[in-house]
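Just so you know, we're using our numbering here: the sequence shown kicks off at 1 and counts up by one. From the three backbone atoms N, C-alpha and C, an ideal C-beta is built for every residue, glycine too.
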Amino acid sequence: MDAGSFAEYLSGLDEESLTQLLRARPDVRVEPVPRGFGQLAQRLGGADSLVAALWRLNRDEVIVGQAIAALASGAAATVPGVARLLGAADGPVVDSVRECVTQLCARGLTWVDGGSGTLCLPERLAAHWAAEIGSGRPVRRIATAVRVDDLRPTAEALGVPAAGLRKSDLVARLAERMADAQSLAAVVAALPEPARTRLDELRRGSVADPFGHDSQYGHYAGYRSGYGSSHSGGIRRIDDPTELLVRAGLVLRVNGYHPELPREVAVAAWLAECAPALPGPPHVPAAAVVDAAAVRSAAQAAAQDALRSVTTLLDHAAANPVVALKKGGIGARERRRLTTRLSIAEDVLVLWIDLAHVAGLLGQTDSGYVPTDGYQAWRDGGPGAQWAALARAWFGLEHAPLSREVDGDKEQPPPLPLVSGAGRMRRALLLAASPGLSVRGVGEQIDWFCPLHGYDVAGGASKVAAAIREAELLGVVAADRLTELGEHLLATAADPDGAETDGATDGATNGATDTVTDGANAELARRCAPLLPEARCTVILQSDLTAVVAGRPSAAVARLLAAAAVSEARGTAAVWRFTPASVRAALDAGWDAQDLLAELKAASDCALPQPLEYLINDVARRHGHVRVRGMRSCLLADEATITEILHTRSLARLHLSRLAPTVASSPFELDEVLVRLRVAGLSPVAEDALGAVIVEAKPEHRASPAHHALMAPRPRSRLGAAELARLLVADPHDKRPRASDASDTFAALTQLNPHLDEAELELLADAVDRCGDILIAYRDKNGSRTVRHIRPQQIYGSWLDAWCHLRDAQRDFTIANIESVAPA
Numbered sequence: 001m002d003a004g005s006f007a008e009y010l011s012g013l014d015e016e017s018l019t020q021l022l023r024a025r026p027d028v029r030v031e032p033v034p035r036g037f038g039q040l041a042q043r044l045g046g047a048d049s050l051v052a053a054l055w056r057l058n059r060d061e062v063i064v065g066q067a068i069a070a071l072a073s074g075a076a077a078t079v080p081g082v083a084r085l086l087g088a089a090d091g092p093v094v095d096s097v098r099e100c101v102t103q104l105c106a107r108g109l110t111w112v113d114g115g116s117g118t119l120c121l122p123e124r125l126a127a128h129w130a131a132e133i134g135s136g137r138p139v140r141r142i143a144t145a146v147r148v149d150d151l152r153p154t155a156e157a158l159g160v161p162a163a164g165l166r167k168s169d170l171v172a173r174l175a176e177r178m179a180d181a182q183s184l185a186a187v188v189a190a191l192p193e194p195a196r197t198r199l200d201e202l203r204r205g206s207v208a209d210p211f212g213h214d215s216q217y218g219h220y221a222g223y224r225s226g227y228g229s230s231h232s233g234g235i236r237r238i239d240d241p242t243e244l245l246v247r248a249g250l251v252l253r254v255n256g257y258h259p260e261l262p263r264e265v266a267v268a269a270w271l272a273e274c275a276p277a278l279p280g281p282p283h284v285p286a287a288a289v290v291d292a293a294a295v296r297s298a299a300q301a302a303a304q305d306a307l308r309s310v311t312t313l314l315d316h317a318a319a320n321p322v323v324a325l326k327k328g329g330i331g332a333r334e335r336r337r338l339t340t341r342l343s344i345a346e347d348v349l350v351l352w353i354d355l356a357h358v359a360g361l362l363g364q365t366d367s368g369y370v371p372t373d374g375y376q377a378w379r380d381g382g383p384g385a386q387w388a389a390l391a392r393a394w395f396g397l398e399h400a401p402l403s404r405e406v407d408g409d410k411e412q413p414p415p416l417p418l419v420s421g422a423g424r425m426r427r428a429l430l431l432a433a434s435p436g437l438s439v440r441g442v443g444e445q446i447d448w449f450c451p452l453h454g455y456d457v458a459g460g461a462s463k464v465a466a467a468i469r470e471a472e473l474l475g476v477v478a479a480d481r482l483t484e485l486g487e488h489l490l491a492t493a494a495d496p497d498g499a500e501t502d503g504a505t506d507g508a509t510n511g512a513t514d515t516v517t518d519g520a521n522a523e524l525a526r527r528c529a530p531l532l533p534e535a536r537c538t539v540i541l542q543s544d545l546t547a548v549v550a551g552r553p554s555a556a557v558a559r560l561l562a563a564a565a566v567s568e569a570r571g572t573a574a575v576w577r578f579t580p581a582s583v584r585a586a587l588d589a590g591w592d593a594q595d596l597l598a599e600l601k602a603a604s605d606c607a608l609p610q611p612l613e614y615l616i617n618d619v620a621r622r623h624g625h626v627r628v629r630g631m632r633s634c635l636l637a638d639e640a641t642i643t644e645i646l647h648t649r650s651l652a653r654l655h656l657s658r659l660a661p662t663v664a665s666s667p668f669e670l671d672e673v674l675v676r677l678r679v680a681g682l683s684p685v686a687e688d689a690l691g692a693v694i695v696e697a698k699p700e701h702r703a704s705p706a707h708h709a710l711m712a713p714r715p716r717s718r719l720g721a722a723e724l725a726r727l728l729v730a731d732p733h734d735k736r737p738r739a740s741d742a743s744d745t746f747a748a749l750t751q752l753n754p755h756l757d758e759a760e761l762e763l764l765a766d767a768v769d770r771c772g773d774i775l776i777a778y779r780d781k782n783g784s785r786t787v788r789h790i791r792p793q794q795i796y797g798s799w800l801d802a803w804c805h806l807r808d809a810q811r812d813f814t815i816a817n818i819e820s821v822a823p824a
């Protein structure tokens with residue numbers, strides 16, 4: 001390990017400090033775990049791991065981290081140096097900087113070089129933040145290519161006396177003036193808006209990739225932005241934004257022509273942008289004092305309604321698969337049909353579709369979206385367990401179902417996944433509100449709690465509003481505060497070692513579970529069970545042949561009503577109607593009159609209305625009076641009925657022939673004969689060739705386990721922070737055997753992609769050998785860069801054959817074009 005390197009710093013941590021760092025960065029504990037501190041440093045410095053860690057920072061911590069990058073290396077990158085850059089050499093600012101540095105160190109985002117006391121950043125993070133600030137050259141280097149006649153106006157504009165100075169002295173004075181970042185920031189802040197806009201273009205025009213994969217030097221961006229816009233026939237326009245920057249002394253003209261922004265000005269512009277620096281946590285009012293019983297009651301009502309809606313949706317999909325679009329997802333027309341059929345608002349229906357899919361309860365088959373095999377176990381569970389599965393799926397979801405992004409002008413229909421920052425905002429919002437603060441108050445200050453969300457003002461407000469409404473619909477939030485259910489969700493959403501989860505891979509994802517997820521769901525279910533008791537379902541059977549169902553029906557009641565009645569209205573109370581056709585359908589499915597009457601009486605816990613009892617007995621008495629025997633086809637009945645059938649005009653298409661006084665035949669198949677007889681008002685039953693009655697069971701559709709397992713991501717197992725810290729401290733020199741040592745995969749990948757580091761190669765080799773999921777950053781032959789969640793199958797030649805979860809299809813990836821690898 002190099003002296004002063006990140007790996008050396010990590011190796012110097014005691015076991016307790018190392019454990020705390022590993023708790024804060026759970027992604028680096030995914031199997032295969034790092035072997036030694038060198039690999040740990042590589043995993044902590046990986047792009048995806050850094051992105052996950054950056055999402056957890058507040059605004060002050062981001063500013064301090066960027067300030068360290070602005071100071072780059074050298075003696076100035078210390079706590080006092082950062083405080084001076086931010087405008088104070090002592091007092092509260094120094095204390096705030098020190099606290100932020102402590103938090104950054106605890107997350108492995110910075111470290112202190114023990115020899116010099118200099119603050120250091122992982123290489124990728126330093127490059128990223130430097131590019132965010134502006135990666136131009138310092139003024140001393142630019143000035144060597146600037147004519148002295150152009151330097152003098154620049155110096156004078158910044159208040160530096162330039163008369164009679166030699167170029168070397170002038171450059172030194174100018175560099176000294178620009179070293180005062182705070183006063184230069186004041187100059188930047190006073191610029192007119194067009195000049196500020198052009199300054200930002202010069203600063204950021206070169207940033208093409210979040211972690212500097214394609215960054216160019218800042219002066220190239222300045223050339224692109226300034227060339228051609230600041231000149232017209234060799235005459236510079238005084239009102240041109242670039243010319244305004246030149247006249248203000250903030251931009252230099254290289255060789256008298258090309259405008260270039262000094263790095264010192266870029267830093268000053270960044271300071272002006274983030275002013276006031278380190279304001280500290282914003283004031284968020286406490287949640288209004290509300291009766292605890294009222295909050296609990298509102299949360300319980302919302303949670304029960306959520307469970308009822310999801311159950312209604314899935315019960316309906318079991319009997320009638322939800323139509324899927326060719327590209328996947330449930331289109332707007334089908335959602336409108338479901339809205340009318342299920343009495344669920346269309347925007348809220350989108351939420352339940354997404355949650356049912358992510359929780360592994362709804363899957364896609366050739367016939368459409370139907371419940372998975374896991375649905376029955378969920379349906380039979382208690383309300384606490386059912387709510388826990390949905391709530392954890394929602395907490396880990398990366399997009400906002402009630403504010404879905406649109407790809408261009410095309411909708412991405414549910415439950416297709418979306419690339420979004422809304423999930424990070426949701427988690428930051430709830431975690432910040434957990435001490436009893438106003439949820440909406442936190443939402444108004446979300447830019448401090450989650451500064452890297454990437455949305456504009458309107459977009460951020462939309463995501464916050466969606467998160468709050470979704471939380472209210474689930475019972476996580478009520479009366480502008482977290483409910484007891486919400487507090488339990490946050491408590492169990494923490495990693496078993498104490499770190500908050502951050503993303504769907506740490507929660508329930510598409511039905512794939514691991515030990516961590518099962519344990520967290522069980523714990524949340526245990527805590528919520530007293531708050532969500534089993535609600536008694538009340539079935540009121542009325543004389544008008546309707547049943548009013550209050551509450552969420554049990555699985556038995558739902559099956560009974562679906563078999564023997566027709567749904568007329570759904571809501572807090574559902575209305576079902578018994579008709580001759582619906583009762584006959586129940587008898588066709590194998591019920592008999594006595595069982596049907598007994599089940600209805602047990603469900604309603606009272607005597608049956610006389611009209612309903614008469615209806616069932618009357619339909620049962622007629623049911624089977626006509627029998628259709630499968631021999632393409634033979635009708636058996638008494639002589640009078642056969643005569644009536646033969647003379648019924650609507651049945652002429654069956655081409656019936658009398659074989660005997662009580663027997664008629666038809667050249668049509670049994671199913672066709674049954675349908676036409678029932679349309680004619682008869683109640684036939686089907687028999688097989690031996691005379692046994694055929695029970696026409698209505699099938700319940702399910703997504704097959706094999707199909708669902710193929711489609712669902714597989715979260716990797718993860719080692720505990722304390723256990724990994726113990727292993728690393730006991731074996732700092734990486735002597736433990738690894739699984740890739742026993743295969744040729746690691747060596748093959750090393751030859752095919754020499755740009756990946758050892759930790760990334762080991763992750764990739766393990767995924768290939770075990771068919772596990774990973775995330776890769778990939779650049780295709782056209783130069784487009786994407787991040788893919790894949791499941792490698794095999795290596796052939798120079799390609800990787802893998803299942804791509806983004807495309808839901810098999811894809812080939814050129815191994816040499818894989819730029820980074822991270823755990824999924």
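Where does the unbroken alpha helix (DSSP H) through residue i begin, and where does it stop?
{"i": "ILE818", "result": "Premise fails: ILE818 lies in the beta strand (DSSP E), 818–823, not in any alpha helix (DSSP H)."}
{"i": "ARG629", "result": "From DSSP, ARG629 is part of no alpha helix (DSSP H) but of the beta strand (DSSP E) over 626–629."}
So, is residue i buried or exposed, given that buried needs 16 or more other C-beta atoms within 10 angstroms?
{"i": "VAL457", "result": "exposed"}
{"i": "THR850", "result": "This structure cannot speak to residue 850, because the chain is shown only from 1 to 824."}
{"i": "ASP27", "result": "buried"}
{"i": "ASN753", "result": "buried"}
{"i": "CYS528", "result": "buried"}
{"i": "CYS771", "result": "exposed"}
{"i": "ASN58", "result": "buried"}
Looking only at its chain, what residues have a beta carbon closer than 7 Å to the beta carbon of residue i, apart from the 5 residues adjacent to it on each side?
{"i": "LEU125", "result": "LEU50, LEU109"}
{"i": "GLY413", "result": "Note on residue identity: the sequence assigns Pro, not Gly, to residue 413. Cβ neighbours of PRO413 beyond the five flanking positions: LEU325, GLY329, ILE330, GLY331."}
{"i": "VAL160", "result": "ARG173, LEU174, ARG177"}
In chain order, what residues of the same chain lie with their CB nearer than 8 Å to the CB of residue i, ignoring the 5 residues before and after it?
{"i": "TYR778", "result": "ARG785, THR786, VAL787, ARG788, PHE813, ASN817, ILE818, GLU819"}
{"i": "ALA186", "result": "ALA272"}
{"i": "THR662", "result": "LEU636, ALA637, ASP638, GLU639, ILE642"}
{"i": "LEU13", "result": "LEU21"}
Short check: CB of residue i to CB of residue j, under 9 Å?
{"i": "ARG841", "j": "ALA359", "result": "This structure does not reach residue 841, given that the chain is present from 1 up to 824, and the question cannot be answered."}
{"i": "VAL112", "j": "VAL101", "result": "yes"}
{"i": "PHE395", "j": "ARG426", "result": "yes"}
{"i": "GLY45", "j": "LEU104", "result": "no"}
{"i": "LEU761", "j": "LEU775", "result": "no"}
{"i": "LEU452", "j": "VAL62", "result": "yes"}
{"i": "SER403", "j": "SER462", "result": "yes"}
{"i": "GLY249", "j": "ALA127", "result": "no"}
Could you spell out where the beta strand (DSSP E) holding residue i opens and where it closes?
{"i": "SER657", "result": "657–660"}
{"i": "VAL619", "result": "It is not in any beta strand (DSSP E) - VAL619 instead sits in the alpha helix (DSSP H) that spans 610–622."}
{"i": "VAL548", "result": "546–550"}
{"i": "HIS789", "result": "785–796"}
{"i": "THR814", "result": "809–814"}
{"i": "TRP803", "result": "799–804"}
{"i": "GLU568", "result": "566–569"}
So, at 6 Å on beta carbons, what are the nonlocal neighbours of residue i in its own chain, with the 5 sequence-adjacent residues on each side left out?
{"i": "HIS420", "result": "Before going further, note that residue 420 is Ser rather than His in the sequence given. Cβ within range, chain order: GLU398, HIS399, GLU405."}
{"i": "GLY498", "result": "Because GLY498 carries a pLDDT of 47, less than 50, the predicted location of this residue cannot be relied on, and the following value inherits that uncertainty. Closer than 6 Å at Cβ, skipping near neighbours: ARG23."}
{"i": "ALA491", "result": "none"}
{"i": "LEU390", "result": "LEU355, ALA359"}
{"i": "ALA569", "result": "VAL575"}
{"i": "LEU719", "result": "ARG29, VAL33"}
Between residue i and chain D, is the shortest Cβ-Cβ distance under 9 Å, so that the two count as touching?
{"i": "ALA155", "result": "No chain D is present in this structure, which holds just one protein chain."}
Examine the ligand SAH and report whether any of its heavy atoms sits within less than 8 Å of the Cβ of residue i.
{"i": "ILE330", "result": "Ligands displayed in this structure: none; no statement on the ligand SAH is therefore possible."}
Which whole runs of the alpha helix (DSSP H) in the region 1–76 are 4 residues long or more, in chain order? 6–11, 15–24, 36–44, 47–54, 59–71
Segments of 4+ residues assigned as alpha helix (DSSP H) that fall wholly inside the region 326–362: 332–342, 346–358
Taking only runs of the alpha helix (DSSP H) that begin and end inside the region 362–437, which ones reach a length of at least 4 residues, in chain order? 374–380, 383–396, 422–433
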